[in-house]
Every structure is written in C-alpha cells, then in structure tokens.
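J.: Before I ask anything, let me first share the structure, which is written out below as structure tokens.
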Amino acid sequence: MRLIQETDFGTPASRSEKTVTLTIDGFEVTVPEGTSVMRASAEAGIKVPKLCATDMVDAFGSCRLCLVEIEGRNGTPSSCTTPVADGMVVHTQTGKLKDIRRGVMELYISDHPLDCLTCAANGDCELQDMAGAVGLRDVRYGYEGDNHVTARQSDQPNMRWMPKDESNPYFTYDPSKCIVCSRCVRACEEVQGTFALTIEGRGFDSRVSPGMHEDFLASECVSCGACVQACPTATLTEKSIIEIGQPEHSVVTTCAYCGVGCSFKAEMRGEELVRMMPYKDGKANRGHSCVKGRFAYGYANHKDRILNPMIRETIDQPWREVSWEEAMSFTATRMRGLQETYGKDSIGVITSSRCTNEETFLVQKLARAVFRNNNTDTCARVCHSPTGYGLGQAFGTSAGTQDFDSVEHTDVVIVIGANPTDGHPVFGSRLKKRLREGAKLIVIDPRRIDLVRSPHIAAAHHLPLKPGTNVAVLTSLAHVIVTEGLMDEAFIRERCDWDEFQDYAEFVADPRHSPEETEAITGVPAKELRAAARLFATGGNGAVYYGLGITEHSQGSTAVMALANLAMMTGNIGRNGVGVNPLRGQNNVQGSCDMGSFPHELPGYRHVKLPEVRAIFESLWGVEIDSEPGLRIPNMLDAAVDGTFKGIYIQGEDILQSDPDTHHVSAGLAAMECVIVHDLFLNETANYAHVFLPGSTFLEKDGTFTNAERRINRVRKVMSPKNGYADWEVTQLLANAMGANWNYTHPSQVMDEIAATTPSFAGVTYDLLEEKGSVQWPCNEAHPEGSPIMHVDGFVRGKGKFIVTEYVATDERTGPRFPLLLTTGRILSQYNVGAQTRRTANVAWHDEDRLEIHPHDAEQRGIRDGDYVRLASRAGETSLRALITDRVAPGVVYTTFHHPGTQANVITTDYSDWATNCPEYKVTAVQVTPSNGPTEWQVEYEEQARQARRILQAEPAE
Amino acid sequence: MSPEKLARMANQIATFFHSKPHDEAVTGVAEHINNFWEPRMRAQLFDMLANDNEKFDPLVREAESRIRAVN
Ligand code: SF4
Ligand code: SF4
Ligand code: SF4
Ligand code: FES
Chain A
486 MRLIQETDFG
496 TPASRSEKTV
506 TLTIDGFEVT
516 VPEGTSVMRA
526 SAEAGIKVPK
536 LCATDMVDAF
546 GSCRLCLVEI
556 EGRNGTPSSC
566 TTPVADGMVV
576 HTQTGKLKDI
586 RRGVMELYIS
596 DHPLDCLTCA
606 ANGDCELQDM
616 AGAVGLRDVR
626 YGYEGDNHVT
636 ARQSDQPNMR
646 WMPKDESNPY
656 FTYDPSKCIV
666 CSRCVRACEE
676 VQGTFALTIE
686 GRGFDSRVSP
696 GMHEDFLASE
706 CVSCGACVQA
716 CPTATLTEKS
726 IIEIGQPEHS
736 VVTTCAYCGV
746 GCSFKAEMRG
756 EELVRMMPYK
766 DGKANRGHSC
776 VKGRFAYGYA
786 NHKDRILNPM
796 IRETIDQPWR
806 EVSWEEAMSF
816 TATRMRGLQE
826 TYGKDSIGVI
836 TSSRCTNEET
846 FLVQKLARAV
856 FRNNNTDTCA
866 RVCHSPTGYG
876 LGQAFGTSAG
886 TQDFDSVEHT
896 DVVIVIGANP
906 TDGHPVFGSR
916 LKKRLREGAK
926 LIVIDPRRID
936 LVRSPHIAAA
946 HHLPLKPGTN
956 VAVLTSLAHV
966 IVTEGLMDEA
976 FIRERCDWDE
986 FQDYAEFVAD
996 PRHSPEETEA
1006 ITGVPAKELR
1016 AAARLFATGG
1026 NGAVYYGLGI
1036 TEHSQGSTAV
1046 MALANLAMMT
1056 GNIGRNGVGV
1066 NPLRGQNNVQ
1076 GSCDMGSFPH
1086 ELPGYRHVKL
1096 PEVRAIFESL
1106 WGVEIDSEPG
1116 LRIPNMLDAA
1126 VDGTFKGIYI
1136 QGEDILQSDP
1146 DTHHVSAGLA
1156 AMECVIVHDL
1166 FLNETANYAH
1176 VFLPGSTFLE
1186 KDGTFTNAER
1196 RINRVRKVMS
1206 PKNGYADWEV
1216 TQLLANAMGA
1226 NWNYTHPSQV
1236 MDEIAATTPS
1246 FAGVTYDLLE
1256 EKGSVQWPCN
1266 EAHPEGSPIM
1276 HVDGFVRGKG
1286 KFIVTEYVAT
1296 DERTGPRFPL
1306 LLTTGRILSQ
1316 YNVGAQTRRT
1326 ANVAWHDEDR
1336 LEIHPHDAEQ
1346 RGIRDGDYVR
1356 LASRAGETSL
1366 RALITDRVAP
1376 GVVYTTFHHP
1386 GTQANVITTD
1396 YSDWATNCPE
1406 YKVTAVQVTP
1416 SNGPTEWQVE
1426 YEEQARQARR
1436 ILQAEPAE
Chain B
165 MSPEKLARMA
175 NQIATFFHSK
185 PHDEAVTGVA
195 EHINNFWEPR
205 MRAQLFDMLA
215 NDNEKFDPLV
225 REAESRIRAV
235 N
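Structural data, given as structure tokens:
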C-alpha cells in the first residue's frame, strides 16, 4: 500500500478535439488545442516549478515561478497562462530561468516562517518543494523589515501579523504562512461556487480573508474543503493533520452520505484515518467534496457507538450485552418461533440505503430464501419509490437517465423539489459552475432555495408553487408547450408512441390546464409559468433535476410521469446535457432499489409474479420463491397493529425517526415481538427493539454503492470493524442461525451472484471495477463498459410512453384549525435523521431544527424570531424554535428533520403516494402558536428513550 | 389496517386511472392492486367490498372481479 499521489497538471484539461504538437526540452508533445505550456510539459513528464497554478482552477499567473523560454518569443512568459501552439519550441530550464526563479523563491521565503521541521505540512508543502526544486541555498533578507511572520517587531506589535483563525472545526487558517497565491480564492469561486474568500488589500499588504474580514465560521464558507485542498502551504490545513501528522498510505473509497457518491482517498496512518481527500479521478465529483464527506467521519469513533450485541426479553428491560453466538441463537429462535405461531408471513426485513449493494442483496435474500416470503422493503419507500414507478412506466427503467458530467452540456435546467446546494452539494457546485457559464435556470419550489439567487447566479424564473400542486404546475407547463406548438414533433414521432401522444396532447391542451386557470390553485403567476415553459422548450439542451419535493406527495408518481412527459415532448432524452435526473437522498438509494429491496420485485426490477424470473433465483438458491408481493413498510406497521406481523430485521435505518406519523410507527413497533435493529448507534427505533446487532461503518468493509447516476463505486475497507464483523457478515450469521447455509467469504462473491442473476449487472465484477474505477449500469454484453447515458437509440421499454397526469388535490388541506402548510427539507451540514452528522463537529453549523415562517404569518401570531412555537397537525404536535424569513411564502412553513428532539414526524400524516405508498412528507396542514418549551409528548418521549437505552453493566467475572 | 385508510388507498388508485378509457381503467386498478397489495390487504379489500362497498370508488368495485383471489 502506498500514498496515492495524483499528478497536478497545473491547469485544467482542455476539451478541444483539435490537437497541437510542440517541442518541450527536446521532446515532441501532442496535446489538445488550448492546453497550457505548463500542462503540456506535465503530460510529457516535465515538472515546471509552480506555486500559484493547480489543475483544479484556472491559471492566474501571479507567482512568476513557472517561467519558460520560447524560441522566437521575447522574454520569459509564464507557462501556466501561455497556451500551446503548433511547432512551438519551449525550454523549461535555462540559466536565465534558474536565476529568476531563485530570486522569486528568495522573496517568498524571506516572508515565511522557517519552522519547517515542526510545521504540519512538512513533507506535503509545495513551497518547501519549490525551494528544493529551484536550488535555493541562502536568503539574504531577514525578518527585520516588513513581514507577516512575527507577532512583534522591534518590541512593537507587528501590524501586518494576523493570528491564526481556528474557528472552523475542521481546518485552521494561519495567515503568517500565506504566500497569497490566491489558489484558495479561486477554488472557492470556481470549484465550490461560494465566493466566500477574497484577497484584501494590495501588494505586500494583501491577505486572504473570509467574507468581510470575518472568521471562517462566521463567514459564508460552507466548509467544503476545496481551499484547503488547493493551498500549497500550511496556511490552510486540516486540524486532523495538525493533530496526527502526514498520512503514509491511502485507499480510494466512496462517501457514505448522499446520492452524489463522491470518491475519496482515505488517507491513513496504520488503521487511523488521517483525512479524507476528494479523488480527482472520481467521476461523480471530479475532485470536489462537501463538508460531510470531507470532514464528518468522526462518528465512526464516537463514544455512543455500540460495539457488542445486546438482547432483552421485553422492551421495558435494560439491554444485556451478550456474545454474537448468544445474540444469534436468541434471535433465530424468536423469529422461527414467530413463524410457527403466526405463520411464515409474520416476519420481514428492511434493507438499508446506507449499506452496500452486497449487504442489501443479502438482506432481501434473507427474506426471500430464508424467511420464505417477500416481506422486504427499504427506506427508499419513503423517498424515491415514485421515481422507480414513474420512470419505469414512462421509459422502462427505474433510474435517472444521465451521468453528472452531462450537466456541463446543459443549456436550461429545471430544478424542482430539490435543493442541490444543501442536499447534493457537490452536484450543486457542478451545476452552479455551468450556470455561471451561462446556462439558464428555472426553479420550481415553494421556498426560495439558495440557487434562486446566489453569487453570480440568478434563476431566470422561480415558480413558488403552493406545496402539493406539482402536478398542476407541470401539466400547465406541458399545456403551454403543446398549445404553442413548441414540442419536438420529430422526436416524438420517432421515439414515442404517437397515438398515445395524441391522446395526451388533447388532454393537456384543455383550457383548464392553462396557466391562467391553474394560477388559482398553484399560486404561480401565469406569465412566469408561460415564460418558463417557452424557455425550457426552446432554450437548447434541457435537463430536469428533481428530488423529494416531487416524490413525497400523494401524487408523487404522477409528478414523476409528468417530468418524463416534459422531457419527451421537448426531445430532451438520450444525449448529453438533457434528461430526467432524480437526486437521490442517501448514498445507496439507487442500489437498494436495484438490489430487489422492494416487496414486489426481485433484483433488477422484475416482478415476483413472473415465473421465469423466480426460476433464476430458485435454481440458484434451491428454494421456492413466493409469487405474491410482500408488505411495504407502512403496510408492515399496519399489519403489526392488526397483530399479524410480529418480527422485523432492520438494517441501518431508523424508521421511528425517519418515517411519517411517529405515533403510528411506534404503535406498530410496540406491537411486535421481535424487533432486530442492526445499526451503529442505539437509534430511536432501537427503543422498541429486542435485539441490537452492532453495525460497521463504510470505512470498515468492502462493497459497492450505486449513486444517483447509476454509477457503481467501490467501497474499500481501510480498518478492521470495531464491532467485529462487517454488516454482510452479520446478516450471514443470522441467516445461518436460521438454518441457511451461506458461505460468502468476500462481498465480491455476492456481486458475482448479483451479476449471474440480474441482466443489467451481468458484466459487473470487482475486477472490472478495479480496472475502470466505476461503471454505470446497465453493464452487460450490450454495454460492456456501462452506460453513462440511457435511452440513446430508443427507450428501454421500446416507445416512450406519454401518460395522462390529471392533477388531484391532496386530501391534506388547510382549514380553520390548520391554516398553514408545512413542508420539510434538509440542510448542508446535517444528513437525514442526523445519527451520524450530529455525532461530529458539524453541529457547529446546525445544532437544532428551526421552523421557517414568513414575517406576515409570524406577526399575526405574535411570534418573534427565536421564540419557541408549538407546531400542530391532526397527527400530533411538537415544539421548536421559529426562524422568521421571507424565503417561505406566506401560508407556508418549513423545517428540517435532523434532530430527534424535534420529532418533526410526529406532525406528518399517514397520507401517501397513490402508487407506491411513499408518504406525503411535503404537505401537512398545520397550526403554529407561541409556546414556552417542549410539548408533553417530547418530554415523555425523552423519558421513554432514556429508559429504553439503559444497558446493564456486565457482571464481574468470577 | 383501518378500513378508512384501506379505502382511501384503493380510491386513490382509482382516481389516477379515471383519466383512462373505461376498460383500461378497470384493468389498471385491478392490476395495480394485484401487483402491489399483499394478500392480507387484498383479503381485507374483498371483505370490505362485500360488506361496506359504498366506501369505494365505482372503479374499484368494478375491478373486484379482476383482482386476484387470496387463498
Ligand atoms: S471551505 Fe469551501 S466554501 Fe469555505 S472558504 Fe474554503 S472553498 Fe470556500
Ligand atoms: S491561503 Fe494558501 S492558497 Fe490561499 S493564498 Fe494563502 S497560500 Fe495561497
Ligand atoms: S456531496 Fe454527497 S457524496 Fe459528496 S462528499 Fe458530500 S455528502 Fe458525500
Ligand atoms: S504557476 Fe504560473 S505564474 Fe504561478
């Protein structure tokens, strides 16, 4: 094992297809037109000294270290800013260049502390490297003159000196070491798109400053780490490097937080993780990261993590730590006992969207081959199940159509029901980059999300619709496109079912779908909507990106179909820059769906009713597979309350916190006789569990995650599981305790089984992933290297299907008792129910959930910013603090759900999507009133949770 | 599950299919239920259709004969 060192080519790659040949130091080099001389040299293996250039940002040409001589040209141009030309002859090392470079370095070093031996960047400092590279041997100037290095000078405070800024929990800024190369400033602008940093002052006075001379934590900085990565010195340094030292080896793995699926190098010392560095070759993130993947991994070592299995007879008892053997035999006996008493369908599983594909595959296999029923579901039920259903109906596959790179070719973007800068930050940054290059943006969201207006970006249209009216708005957009004749008829005739389109066109053309008519329902001004429709239909490559604001509605599946309709009628499918793109919440939502987690379908989205599909698994597994669909999560809970569903194995999910209508979930869990929670922490669901099986983190196991672009990325083990077993091993122990005879010794064998049974994965092996880094399914004989873009020559289902999408108002309506609409979302620094991120320093940014409310609604109720308010719906009530803002429209309130104390799901109801039972999180009628603290339920819940978490101290050994 | 919730779920499905031609709609409702409803839910549905059928959208009632029996 070694430390992976990625080559820094100095400037970004050119996309030109035309090539240019030149000579550098006697070697002939051929590169794309537009490449810099510096990059061309690097490609030929010649390293020109440099400080202010790095290939993550555009060249700036300020340090004057990278000078070269070019035959026939005067002077010494900087190689980072000079583009190559045909026949150019370049010399990178001449006597003149050597002298200039030494002079430059001497000036830098004379204003830089000489504490290399004790500096955190020792061994990883470009300033140090360059001093060596140019042969700097002495420095003629001391610190007597003006400098930024010493706190005091001639017994006076040195006004140029600035103290360290340690406000960010993850990195420090030490201005005394800054060489003002502006790499950090450019990284923040070009890569992250936040524009948090500036260079203050001029000439010798200039210094890097977050915001308006603030500290990092108080500034706009979102702690993505790009500036730290870009900094060539120790000025911006990870605190973990300062504490631990430089890493000695690294392993490429995949972030376990969101559906972007960023690749990272886990940089290690032995089994200690030193830092996570975004991996440039990662095709989802291209070397970028967000605060979660880059820094928020501390939960892996958190003191709350449970490392031993625990059991208890009943949930009012304290937990008892036991051996793995005892835990497994207790569990297996109980589960089998339940099946004997209540029938084989009385138990089931919930697979995890956080675990690997291999782990998920085994959990659904446990249900199907060992429990012998189809009672398997996954938390994707509560987020993207409508995506699966809707896109499956329209196109024939249950997945997004593009890769993330596609956004670089997009001209008009619709973002609907998603908040990429918070929910999918790295994709958000890539999107912002494209928008700064001139692509147009249409945001359809009840809330004014950051993208609507942020530095150097303004949405062309923001349609602030009333929560619950997505289908009305989308159908109205289609109305404009069809009635104004803006559709792409050639595409529709060629690729879709023309007759179906005729029916559909007749439906949408009806005047009741016109924006002027729907305005009353949706609240979206007709003029804006018309303009947005025209822009999307005529603005070039159009792409749709959507999130849970589309799916988590009673018409979630219908809305997904409406998006598919829009894309098809405008011809925006099947090439770069277009498509319908679900932004997946958790890291492996896509994978958990692919792996057959849903109760009605086997891996690869094939219905259990199909005998030919069952036969594939039956012959491999040697058991008969039930042909009836099993229970979905909400149905399991209903059946539990009815007394026919008694036992459940939940891997890596916290349904009590994440599922709607908490009272109903807790009633269902309380009615069961064997609840097995397999997780890192005693989560909220575990308050109702009889068995706790400790889980492993993504750092402790091998496997694969599949991100929102269908990309299968490797997860690699960098340390031994602290709990003793990787999660796939735990499932195998349980299966075997229940009589299965599984003998997997490595997750690659599970992948082989997936490939052998699932056509879209037929070509996937760990060897291929090793070779390619990652592949996007379908990967099989027809697409041996995977499929970045789908439906290129035709839809998977044959002809694209236009589906009539009639708007139906949700039953959840406001009225005199509950006059406001609540919608929910997430923020950047926290993740989902927060079990992981709350156990990291990320709480510096978000230590509680707040209720956003419009000033008008707040004033009417006598609520001031920061006041405790009571939030009530017909399902329940909770309390939290108010945040007054005009980001939400009057009549709408908004909150996140990252903290268990808030219990936002006590409020949400059991209404759900008509097709998939995906809960209607995004619309709940509520009332908000002033209050003076937690509700009775919150207090009771705290007490119940405290009781349920007691762990019996082990008895002293004899 | 509560009868109200079951009826609401069935009626929601019917609502979607209302915009289809009649026969397609009836089949659509039946197929959707066949594909996604576990036998316990279908049993409760049959039970309610037999005893309490005014809770249901006419499309659901018509679809009954095409919904798979529970054994
Ligand atoms: S961490 Fe990211 S957002 Fe913050 S200043 Fe650095 S580049 Fe900008
Ligand atoms: S902080 Fe680092 S990257 Fe930024 S200007 Fe200073 S030395 Fe360069
Ligand atoms: S964008 Fe998502 S996958 Fe990437 S680092 Fe952040 S949380 Fe991880
Ligand atoms: S690297 Fe080219 S001028 Fe600094």
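Protein chains in written order, with this note's numbering: chain A, 486 to 1443; chain B, 165 to 235.
The beta carbon of each residue, even a glycine, is placed where N, CA and C say it ideally should be.
Please read all numbers here as calculations on a predicted model, not as lab measurements.
Have a look at A/Asp-1334 and A/Ala-1028 and give me their C-alpha separation to the nearest angstrom.
T.: For the purposes of this step, residue 1334 of chain A is taken as residue 849 along the first sequence, with counting starting at 1. For the purposes of this step, residue 1028 of chain A is taken as residue 543 along the first sequence, with counting starting at 1. Rounded to whole angstroms, A/Asp-1334 to A/Ala-1028 spans 32 Å at the Cα level.
J.: Pick from A/Leu-621, A/Leu-599 and A/Leu-612: whose alpha carbon is nearest that of A/Gly-588?
T.: As a first step, residue 588 of chain A must be located in the first sequence, where it is residue number 103. Closest by alpha carbon: A/Leu-621.
J.: A/Leu-592: beta carbon under 7 Å from a heavy atom of ligand 2?
T.: Residue 592 of chain A sits at position 107 when you count from the first residue of the first sequence. A/Leu-592 Cβ: outside cutoff for every heavy atom of ligand 2.
J.: Is any non-hydrogen atom of ligand 2 found closer than 7 Å to the C-beta of A/Ala-715, if you look at the structure I gave you?
T.: Position 230 of the first sequence, counted from the start, is the residue given in the question as residue 715 of chain A. Yes, the beta carbon of A/Ala-715 sits closer than 7 Å to at least one heavy atom of ligand 2.
J.: Since A/Leu-612 is in the alpha helix (DSSP H), which residue starts that stretch and which ends it?
T.: As a first step, residue 612 of chain A must be located in the first sequence, where it is residue number 127. Note, A/Leu-612: alpha helix (DSSP H), 611-618.
J.: Listing by chain order, which chain B residues have their CB less than 9 Å from the CB of A/Val-1408?
T.: As a position in the first sequence, residue 1408 of chain A is number 923, starting the count at 1. What A/Val-1408 touches in chain B: nothing, since even the nearest Cβ is about 14 Å away.
J.: Apart from the five residues just before and just after A/Pro-695, which ones in its own chain have a Cβ nearer than 7 Å to its Cβ?
T.: By one-based count along the first sequence, residue 695 of chain A stands at place 210. Ala-681, Leu-682, Phe-701, Ser-704 and Cys-706.
J.: Using Cβ-Cβ distances below 8 Å, what residues of the segment 1109-1132 of chain A are close to chain B?
T.: Listed by position, the residues of the segment 1109-1132 of chain A near chain B (Cβ gap below 8 Å) are Glu-1113, Pro-1114, Gly-1115, Leu-1116, Arg-1117, Asn-1120, Asp-1123, Ala-1124, Val-1126, Asp-1127 and Thr-1129.
J.: Let me see if you follow: with CB-CB separation under 8 Å, is A/Val-993 close to chain B or not?
T.: For the purposes of this step, residue 993 of chain A is identified with residue 508 of the first sequence, where counting begins at 1. Chain B, which has no Cβ nearer than 8 Å to the Cβ of A/Val-993, makes this no.
J.: Label A/Ala-1442 either buried or exposed according to how many other C-beta atoms from any shown protein chain fall within 10 Å of its C-beta, with 16 as the threshold for buried.
T.: One-based indexing of the first sequence puts residue 1442 of chain A at position 957. The predicted position of A/Ala-1442 is uncertain, since its pLDDT is 47 and thus under 50; a value taken from the coordinates is nonetheless stated next. With fewer than 16 Cβ atoms within 10 Å of its Cβ, A/Ala-1442 is classed as exposed.
J.: To the nearest angstrom, how far is it from the Cα of A/Arg-1346 to the Cα of A/Asp-1352?
T.: Working through the first sequence from its first residue, we reach residue 1346 of chain A at position 861. Working through the first sequence from its first residue, we reach residue 1352 of chain A at position 867. Cα to Cα, A/Arg-1346 sits roughly 11 Å from A/Asp-1352.
J.: Got a sec: which bits of the segment 172-191 of chain B sit with their beta carbon under 8 Å from any beta carbon on chain A, in order along the chain?
T.: Those residues of the segment 172-191 of chain B that come within reach of chain A (Cβ to Cβ, closer than 8 Å) are Arg-172, Met-173, Gln-176, Ile-177, Thr-179, Phe-180, His-182, Ser-183 and Lys-184.
J.: For B/Asn-199, return the contacting residues in chain A, with the cut-off set at a CB-CB distance below 8 Å.
T.: Position 35 of the second sequence, counted from the start, is the residue given in the question as residue 199 of chain B. The answer, in chain order, is His-1085, His-1092, Lys-1094 and Pro-1114.
J.: Report the neighbours of B/Lys-219 on chain A: residues whose CB is nearer than 7 Å to its CB, in chain order.
T.: What you label residue 219 of chain B is simply residue 55 of the second sequence in a count that begins at 1. Neighbours of B/Lys-219 on chain A: none; closest Cβ ~14 Å, over 7 Å.
J.: Under a CB-based cut-off of 8 Å, is A/Glu-1443 close to chain B?
T.: Here the question's residue 1443 of chain A lines up with position 958 in the first sequence. With a pLDDT of 45 at A/Glu-1443, under the threshold of 50, the modelled position of this residue cannot be trusted; read the value that follows with caution. Not an interface residue.
J.: List the residues of chain B whose Cβ lies closer than 8 Å to the Cβ of A/Ala-1400, in chain order.
T.: Counting from one through the first sequence, the residue named residue 1400 of chain A turns up at place 915. Within chain B, the residues near A/Ala-1400 are Ile-177, Phe-180, His-196 and Phe-200.
J.: Can you pull the chain B residues whose beta carbon is under 9 Å from the beta carbon of A/Glu-1291, in chain order?
T.: If you number the first sequence from 1, residue 1291 of chain A lands on position 806. Thr-179, Phe-180, His-182 and Ser-183, listed in chain order.
J.: For a test of the three-state rule: what should DSSP assign to A/Glu-568, helix, strand or coil?
T.: Numbered from its first residue, the first sequence carries residue 568 of chain A at position 83. Here residue 568 of chain A is Pro; the residue named in the question, Glu, does not match the sequence. A/Pro-568 falls in the strand class under three-state DSSP.
J.: DSSP state of A/Ala-1442, grouped into three classes?
T.: Along the first sequence, read from residue 1 onward, the residue named residue 1442 of chain A stands at position 957. Low confidence applies to A/Ala-1442: its pLDDT is 47, below 50, so where it sits in the model is not reliable, and the reading given next is rough at best. Note: A/Ala-1442 maps to coil in three-state DSSP.
J.: Please determine, among A/Met-820, A/Asn-1057, A/Pro-1273 and A/Val-1377, the residue with the shortest C-alpha to C-alpha distance to A/Ala-975.
T.: Residue numbering aside, residue 975 of chain A sits at position 490 when the first sequence is read from its first letter. Checked all of A/Met-820, A/Asn-1057, A/Pro-1273 and A/Val-1377; the closest Cα to A/Ala-975 is A/Asn-1057.
J.: Which two residues bound the contiguous beta strand (DSSP E) that contains A/Tyr-1030?
T.: Locating residue 1030 of chain A in the first sequence gives position 545, counting from the first residue. It spans 1027-1031 - the beta strand (DSSP E) in which A/Tyr-1030 sits, taken as one unbroken run.
J.: Go ahead and pull the three-state DSSP assignment for A/Ser-883.
T.: On the first sequence, position 398 is the one that residue 883 of chain A refers to. Of the three classes helix, strand and coil, the one that applies to A/Ser-883 here is coil, per DSSP.
J.: May I ask you to list, following chain order, the residues of the segment 203-215 of chain B that have a beta carbon less than 7 Å from some beta carbon of chain A?
T.: Answer in chain order: Pro-203, Arg-204 and Met-205.
J.: Ignore the nearest five residues each way along the sequence and tell me which others in A/Thr-603's own chain have a CB closer than 6 Å to its CB.
T.: In the first sequence, residue 603 of chain A corresponds to position 118, counting from 1. Contacts found: none.
J.: Does DSSP classify A/Gln-1423 as helix, strand or coil?
T.: Numbered from its first residue, the first sequence carries residue 1423 of chain A at position 938. A/Gln-1423: helix per DSSP, three-state reduction.
J.: Residues of chain B with CB closer than 8 Å to the CB of A/Ser-1151, please, in chain order.
T.: Counting from one through the first sequence, the residue named residue 1151 of chain A turns up at place 666. Going along chain B, no residue has its Cβ under 8 Å from A/Ser-1151, so there is no contact; the nearest lies around 16 Å.
J.: What residue does the beta strand (DSSP E) around A/Pro-1415 start on, and which one ends it?
T.: Here residue 1415 of chain A refers to the residue found at position 930 of the first sequence. Unbroken beta strand (DSSP E) run through A/Pro-1415: 1409-1415.
J.: Taking only beta-carbon positions, decide if A/Asp-862 is within less than 8 Å of chain B.
T.: For the purposes of this step, residue 862 of chain A is identified with residue 377 of the first sequence, where counting begins at 1. It does not: the Cβ of A/Asp-862 has no partner Cβ on chain B nearer than 8 Å.
J.: Reducing DSSP to helix, strand and coil, say where A/Ile-1101 ends up.
T.: The residue you call residue 1101 of chain A lines up with position 616 of the first sequence. Here A/Ile-1101 sits in helix by DSSP.
J.: For A/Ser-1039, decide whether its Cβ has a neighbour in chain B, counting only Cβ atoms nearer than 8 Å.
T.: Taking the first residue of the first sequence as 1, we reach residue 1039 of chain A at position 554. Yes, A/Ser-1039 counts as interfacial toward chain B.
J.: Measure from the alpha carbon of A/Asn-1066 to the alpha carbon of each residue in A/Phe-889, A/His-1276 and A/Cys-673, then state which is nearest.
T.: Here residue 1066 of chain A refers to the residue found at position 581 when the first sequence is read from its first residue. The shortest C-alpha separation from A/Asn-1066 is found at A/Phe-889.
J.: Go through its chain and collect everything with a Cβ distance to A/Arg-1435's Cβ below 6 Å, but skip five positions before and after it.
T.: Taking the first sequence and counting its residues from 1, one reaches residue 1435 of chain A at position 950. Closer than 6 Å at the Cβ level, and outside the excluded window around A/Arg-1435, lie Pro-803.
J.: Applying the criterion that 16 or more other CB atoms from any shown protein chain within 10 Å of the CB defines a buried residue, is A/Trp-1399 buried or exposed?
T.: Against the first sequence, residue 1399 of chain A aligns to sequence position 914. With 16 or more Cβ atoms within 10 Å of its Cβ, A/Trp-1399 is classed as buried.
J.: Cα separation between A/Leu-612 and A/Ser-891?
T.: Taking the first residue of the first sequence as position 1, residue 612 of chain A is located at position 127. Taking the first residue of the first sequence as position 1, residue 891 of chain A is located at position 406. Those two C-alpha atoms are separated by around 37 Å.
J.: For A/Glu-752, count the other beta carbons within 10 Å of its own beta carbon; 16 or more makes it buried, fewer makes it exposed. Which is it?
T.: As a first step, residue 752 of chain A must be located in the first sequence, where it is residue number 267. The residue is buried, with at least 16 neighbouring Cβ atoms inside 10 Å.
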